[in-house]
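Accompanying notes for the structure given below.
Protein chains: 2
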Amino acid sequence: MTTATNPRALDHPTREEIRLEGVLHALSDPVRLRIVCHMAHEATELACSYFDLPVTKSTTTHHFRVLRESGVIQQIYRGTAKMNALRREDLDALFPGLLDSVLEAAGAQASRQGRPAEDA
Amino acid sequence: MTTATNPRALDHPTREEIRLEGVLHALSDPVRLRIVCHMAHEATELACSYFDLPVTKSTTTHHFRVLRESGVIQQIYRGTAKMNALRREDLDALFPGLLDSVLEAAGAQASRQGRPAEDA
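Those sequence lines, one after another, are chains A and B. Take the first sequence: its letter number 18 is residue 18 in our numbering, and every next letter is one higher. If you want our numbering, it's the 1-based position in the second sequence plus 1000.
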């Protein structure tokens, strides 16, 4: 983990610290998978408040922390907003094709259930 | 779940019941990931006793059950041995490319750590 000297700087694993098992675990929750599908679809930084999730605020915070600590997303404060972005470059470098195949699988599953891919 | 009328027939999800989140969860454990890499490498039915795992027998049984109940493997009794095989056809039909990308990612990670892929 990088050391957070600034209390508003959040800990992230370096690229080398990202573990496949942690990434798969982060993606194995329906709410977190939905967040990641949304991020991939929008392809820009998104505030936590952007996501309309069927869980409490504290649970939402937990899910974002799991995604950050596993290396799937980066979170950064911009003013008062905590902004989120996929670490696509890191994931694609470490595990080529993995993120895309998970996103495609989520889309295929949502399609079979008659839902939009971002509601995976 | 299919109904097990034969006490030695083990419950498996049908192809339609397999969920992406369950598959990712099953693959997110280092021991289960190692089992799956071995199975993909051998490409034949393997007895549970084939696997040399750093966990107790009951934990091994638990891991195989998680893999079976998520739809990643099928388990069948042949005589007194419980044989295991990847459900590659089902997984590839539901989530094209997913299993291969996970196996490649496990291999890449093991390679970076100087270990054989099956020891992911």
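All residues carry an ideal CB built from backbone N, CA and C; glycine is no exception.
Margin query: Would histidine 1041 of chain B pass as an interface residue toward chain C - the criterion being a Cβ-Cβ separation below 8 Å?
Written below: Structure shown: chain C not included; protein chains present are A and B.
Next item on the list: Could you check how far apart the C-beta atoms of glutamate 21 of chain A and serine 1049 of chain B are, in whole angstroms? I think they sit under 8 Å.
Entry: With a Cβ gap of about 24 Å, glutamate 21 of chain A and serine 1049 of chain B do not count as contacting.
Checklist line | valine 1102 of chain B burial status per 10 Å Cβ neighbour count (16 or more: buried) | finding: Result: buried.
Notebook entry, point to check: Just curious, the alpha helix (DSSP H) that glutamine 1109 of chain B is in, first and last residue?
Noted result: Residues 1098-1112.
Checklist line | Beta-carbon neighbours of histidine 1012 of chain B, restricted to chain A and to distances below 9 Å | finding: Close partners of histidine 1012 of chain B in chain A (Cβ separation under 9 Å) are lacking, with about 19 Å as the shortest Cβ gap.
Check: For phenylalanine 64 of chain A, which residues in chain B fall below 7 Å Cβ to Cβ?
Finding: Ordered by position in chain B, no residue passes the 7 Å Cβ test against phenylalanine 64 of chain A, which lies about 18 Å from the chain.
Margin query: Using CA atoms only, rank isn't needed, just tell me which of A:Phe51, A:His25 and A:Thr44 is closest to isoleucine 35 of chain A.
Written below: Checking every option, the nearest Cα to that of isoleucine 35 of chain A belongs to A:Phe51.
Next item on the list: Measure from the C-beta of glutamate 1069 of chain B to each C-beta in chain A and report whether the shortest distance is under 8 Å.
Entry: Glutamate 1069 of chain B does not count as touching chain A.
Next item on the list: Spell out the partners DSSP gives serine 73 of chain A in its beta bridges.
Entry: A quick correction: the sequence has isoleucine, not serine, at residue 73 of chain A. In the DSSP assignment, isoleucine 73 of chain A is bridged to A:Leu86.
Next item on the list: Take every Cβ of the segment 56-74 of chain A, pair it with every Cβ of the segment 1006-1018 of chain B, and state whether three or more of those distances are shorter than 8 Å.
Entry: No, they do not touch.
Notebook entry, point to check: Given that histidine 1038 of chain B touches chain A, what residues does it touch there, using C-beta distances under 8 Å?
Noted result: Neighbours of histidine 1038 of chain B across chain A, judged by C-beta separation under 8 Å, do not exist; the nearest C-beta is about 16 Å away.
Next item on the list: Step through the CB atoms of chain B and report whether any lies within less than 8 Å of the CB of serine 111 of chain A.
Entry: It does not: the Cβ of serine 111 of chain A has no partner Cβ on chain B nearer than 8 Å.
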